[in-house]
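Engineer: Residues -19 to -1, 1 to 362 in mature numbering (1 follows the signal peptide of the UniProt record, and there is no 0) are what the sequence shown lists, from first letter to last. All residues carry an ideal CB built from backbone N, CA and C; glycine is no exception. Pasting in a structure now, in structure tokens, and then I'll have a few things to ask.
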Amino acid sequence: MFSSLLAASLLSLALSASAFPEYRSLAGLSAAEVRAVARTFTSTPGAQPLPPAINDTSSKLVYDDAHPWEPLRPGDIRGPCPGLNTLASHGYLDRSGVATPGEIITAVQEGFNMGFDLAAFVTYAAFIVDGNHLTNLMSIGQKTPETGPDAPAPATIGGLNTHGAFEGDASTTRDDFALGSNFLFNETLFDQLSQAAIDFGSNGTLDINSAAVHRHNRILDSMARNPNFTFVIPRYLTAYAETTFPLAMFVSNQTSDSSMTLNLDDARSFFQNHKYPDNFFRRNGSYGNDEVGTLITEVFELFPDILPGNNEGAGNYVLDPNDPGFNGDGTCYAYYKQTNFTLSLYPDPTDELRTALQQNLATFYITLGDPTCEEVFPFGQ
């Protein structure tokens, strides 16, 4: 960690005009220092490249002396993702809940051993619609001035709480936006998750079977009660991925094939308290695109009756014939959809914002790996 003197020196350097030309580097600056830069300058740092992947993907103690759990301070932000909430409460992310995409990608690798490929894709799919392209900052929860100046409407820079941009309905332990809070822990939903574990899991724990039951039940409940229920890509993909994450990454010292089950006390620690269980070790081996694809398939095939669609009034679920779901190239479909959504948010960007958008969308395309789809350039090249 930086000493106070070194941090002060870096911040002083950051705030000098000569240190930051038109597109300045944020290398070496903490999220707090980046926020200070964002508040100080009219011309802000802009997009940044992907961070490197971590080299060591072995299991290791992550609830250690360098990453103690701390309760929320006034103004700290948490959101709909229990994993990111936990990383912030342990200091793998800035404890404020405001971070750069690079910090998020590194933190989920270090703290949970999420694979670099999966981490990069998910982070940028969210950031391009929920983050601030000029300051390179995003809230893991609610909208906040800590991410820097707003862009003109219809851009929102609303953070991960923003419904319908990346966050979506039928969450594991958060309510649908139309029915309640889409970011606060919901005890009733956790009780339903627990009951699924008791009724269908291995010895009362969360496993593939019980997690799939709860996933299916959550979708059916949203279909029945939420008149605005939307279940299309990207939410269609992330809902099933979200179901696998606790199985793969909330189990201490989880095996590379994610075969160990999750006990309910540890599940509550993450979902409600944003806290690693004591003596928590991250999983053995990274959990990347290949691994999540395998578990998603197992979950989906237990209840393969749900296809992408939307409610037209509560209880009236209508299929979307254009959405491939798991029957086509969902990743490319998500790329085009998120890219087009970004364009709708920024119809007339300034030159500086346009450059940042170009760079961030280029990075988003890179996160696809070796896609079958062609790159598009809605803001030019």
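In whole angstroms, what is the alpha-carbon distance linking Cys62 and Thr125?
Structural biologist: Start at 1 with the first residue of the sequence shown, and residue 62 comes out as number 81. Start at 1 with the first residue of the sequence shown, and residue 125 comes out as number 144. Between Cys62 and Thr125, the C-alpha separation is close to 17 Å.
Engineer: So, for Val273: in the same chain, excluding its five sequence neighbours on each side, which residues have a beta-carbon less than 7 Å away from its beta-carbon?
Structural biologist: Position 292 of the sequence shown, counted from the start, is the residue given in the question as residue 273. Cβ neighbours of Val273 beyond the five flanking positions: Leu99, Ala222, Thr225.
Engineer: Can you give the Cα-Cα distance for Leu276 and Asn190, rounded to whole angstroms?
Structural biologist: Here the question's residue 276 lines up with position 295 in the sequence shown. Here the question's residue 190 lines up with position 209 in the sequence shown. So the two alpha carbons sit approximately 11 Å from each other.
Engineer: In terms of alpha-carbon separation, which member of Asn209, Pro208, Leu165, Leu228 lies closest to Arg196?
Structural biologist: As a working note, residue 196 is residue 215 in the sequence shown. Closest by alpha carbon: Leu228.
Engineer: Let me check one thing: in DSSP terms, what residues is His144 bridge-paired to?
Structural biologist: Counting from one through the sequence shown, the residue named residue 144 turns up at place 163. According to DSSP, His144 bridges with Glu148.
Engineer: Whose C-alpha, out of Thr87, Ile214, Ala177, Thr81, is nearest the C-alpha of Asn341?
Structural biologist: Residue numbering aside, residue 341 sits at position 360 when the sequence shown is read from its first letter. Nearest of Thr87, Ile214, Ala177, Thr81 to Asn341, Cα basis: Thr81.
Engineer: What does the alpha-carbon distance come out to for the pair Gly361 and Gln339?
Structural biologist: By one-based count along the sequence shown, residue 361 stands at place 380. By one-based count along the sequence shown, residue 339 stands at place 358. Rounded to whole angstroms, Gly361 to Gln339 spans 7 Å at the Cα level.
Engineer: Is it buried or exposed for Asn297, if we count other Cβ within 10 angstroms and need 16 for buried?
Structural biologist: Residue numbering aside, residue 297 sits at position 316 when the sequence shown is read from its first letter. Per the 10 Å Cβ criterion, exposed.
Engineer: Is Gly266 helix, strand or coil when you go by DSSP?
Structural biologist: Indexing the sequence shown from 1 puts residue 266 at position 285. Note: Gly266 maps to coil in three-state DSSP.
Engineer: Using only alpha-carbon positions, find the residue among Gly129, Ala34, Ser39, Leu141 that is nearest to Leu65.
Structural biologist: Within the sequence shown, the letter at position 84 stands for residue 65. Residue Leu141 is the option with its Cα nearest to Leu65.
Engineer: Give the range of the alpha helix (DSSP H) segment to which Gly311 is assigned.
Structural biologist: In the sequence shown, the residue the question calls residue 311 occupies position 330. Counting along the chain, the alpha helix (DSSP H) containing Gly311 begins and ends at 311 to 326.
Engineer: Taking Ser40 as the reference, which of Ala178, Asn234, Thr353, Ala337 has the closest Cα?
Structural biologist: Taking the first residue of the sequence shown as 1, we reach residue 40 at position 59. The shortest C-alpha separation from Ser40 is found at Asn234.
Engineer: Would you decide whether Ile179 is buried or exposed? Buried here means 16 or more other CB atoms lie within 10 Å of its CB.
Structural biologist: Numbered from its first residue, the sequence shown carries residue 179 at position 198. Exposed: under 16 other Cβ atoms inside 10 Å.
Engineer: Does Glu127 pass the burial test, meaning 16 or more other C-beta atoms within 10 Å, or should it be called exposed?
Structural biologist: The residue labelled residue 127 in the question sits at position 146 within the sequence shown. It is buried - the Cβ of Glu127 has at least 16 other Cβ atoms within 10 Å.
Engineer: For my contact list, Val110 and Thr323 are in at a C-beta cut-off of 8 Å; report their separation, rounded to the angstrom.
Structural biologist: Indexing the sequence shown from 1 puts residue 110 at position 129. Indexing the sequence shown from 1 puts residue 323 at position 342. Contact flag correct, Cβ pair sits at about 6 Å.
Engineer: Report the residue from Val213, Ser325, Ser240 whose alpha carbon sits nearest the alpha carbon of Asn292.
Structural biologist: By 1-based counting over the sequence shown, the position of residue 292 is 311. Ranking the options by Cα distance to Asn292, first place goes to Val213.
Engineer: Got a sec, what are the start and stop residues for the beta strand (DSSP E) Tyr298 sits in?
Structural biologist: On the sequence shown, position 317 is the one that residue 298 refers to. Unbroken beta strand (DSSP E) run through Tyr298: 298 to 300.
Engineer: Select from Asp156, Ala132, Val232 the residue whose C-alpha is nearest the C-alpha of Tyr44.
Structural biologist: Residue numbering aside, residue 44 sits at position 63 when the sequence shown is read from its first letter. Minimum Cα distance to Tyr44 is reached at Val232.
Engineer: Please go through the stretch 130 to 204 and give each complete alpha helix (DSSP H) segment of 4 or more residues, from N-terminal end onward.
Structural biologist: 168 to 181, all fully within the stretch 130 to 204.
Engineer: For Ser250, which residues in the same chain have their Cβ closer than 6 Å to its Cβ, ignoring the five residues on either side in sequence?
Structural biologist: Here residue 250 is taken as the residue at index 269 of the sequence shown, counted from 1. Excluding residues within five positions, the ones whose Cβ falls inside 6 Å are Lys256, Pro258.
Engineer: Contact between the stretch 159 to 177 and the stretch 127 to 138: three or more CB pairs below 8 Å?
Structural biologist: With a cut-off of 8 Å, the stretch 127 to 138 and the stretch 159 to 177 do not count as touching, because too few Cβ pairs lie within range.
Engineer: Could you please give the first and the last residue of the uninterrupted alpha helix (DSSP H) stretch that includes Ala341?
Structural biologist: Within the sequence shown, residue 341 is the residue found at index 360, counting from 1. Here residue 341 turns out to be Asn, not Ala, going by the sequence shown. Note, Asn341: alpha helix (DSSP H), 332 to 347.
Engineer: Helix, strand or coil for Leu243? Go by DSSP, reduced to three states.
Structural biologist: Reading the sequence shown from its first residue, position 262 is the one you call residue 243. In this structure, Leu243 counts as strand in the three-state DSSP scheme.
Engineer: Within the same chain, show all residues whose beta-carbon is closer than 7 Å to that of Phe181, passing over the 5 residues directly before and after it, in chain order.
Structural biologist: Position 200 of the sequence shown, counted from the start, is the residue given in the question as residue 181. So the list reads Asn190, Ser191, Val194, once near-sequence residues are dropped.
Engineer: From this set, Gln319, Gln29, Ala132, which residue's C-alpha is nearest Asp332's C-alpha?
Structural biologist: Within the sequence shown, the letter at position 351 stands for residue 332. The option with the nearest alpha carbon to Asp332 is Ala132.
Engineer: On the DSSP bridge assignment, give the partners of Ala80 in chain order.
Structural biologist: Reading the sequence shown from its first residue, position 99 is the one you call residue 80. In DSSP, Ala80 forms a bridge with Met119.
Engineer: For Ile35, collect the residues of the same chain with a Cβ closer than 8 Å to its Cβ; drop the 5 residues on either side in sequence, then sort them by chain order.
Structural biologist: Position 54 of the sequence shown holds residue 35. If we look at Ile35 and ignore the five residues flanking it on each side, its Cβ neighbours are Thr87, Gln90, Glu91, Phe97.
Engineer: Thinking Asn117 and Pro26 are a contact (beta carbons under 8 Å), I'd like their distance in whole angstroms, please.
Structural biologist: Position 136 of the sequence shown, counted from the start, is the residue given in the question as residue 117. Position 45 of the sequence shown, counted from the start, is the residue given in the question as residue 26. That belief holds up - the Cβ atoms of Asn117 and Pro26 are roughly 6 Å apart, short of 8 Å.
Engineer: Going by DSSP in three states, Asn66 sits in which element: helix, strand or coil?
Structural biologist: Position 85 of the sequence shown, counted from the start, is the residue given in the question as residue 66. It is helical.
Engineer: Put Leu42 into one of helix, strand or coil per three-state DSSP.
Structural biologist: In the sequence shown, the residue the question calls residue 42 occupies position 61. Leu42: strand per DSSP, three-state reduction.
Engineer: Once DSSP output is grouped into helix, strand and coil, what is the label at Gly290?
Structural biologist: As a working note, residue 290 is residue 309 in the sequence shown. Strand, per DSSP.
Engineer: Name the residue from Thr153, Thr154, Gly122 whose alpha carbon lies nearest to the alpha carbon of His144.
Structural biologist: Here residue 144 is taken as the residue at index 163 of the sequence shown, counted from 1. Taking only the C-alpha atoms, the option nearest His144 is Gly122.
Engineer: Can you list, in chain order, the residues of its chain with a C-beta nearer than 8 Å to that of Thr320? Leave out the 5 residues immediately preceding and following it.
Structural biologist: In the sequence shown, counting from the first residue as 1, residue 320 sits at position 339. Cβ neighbours of Thr320 beyond the five flanking positions: Ile109, Leu342, Phe345, Val357, Pro359.
Engineer: Would you mind working out which of Gln176, Ser239, Met230 sits nearest Phe262, comparing C-alpha positions?
Structural biologist: Stepping through the sequence shown from its first residue, residue 262 is reached at position 281. The shortest Cα separation from Phe262 among Gln176, Ser239, Met230 belongs to Met230.
Engineer: State the beta-bridge partners of Asn113 as determined by DSSP.
Structural biologist: Against the sequence shown, residue 113 aligns to sequence position 132. For Asn113, which the question treats as bridged, DSSP gives the partners Leu118.
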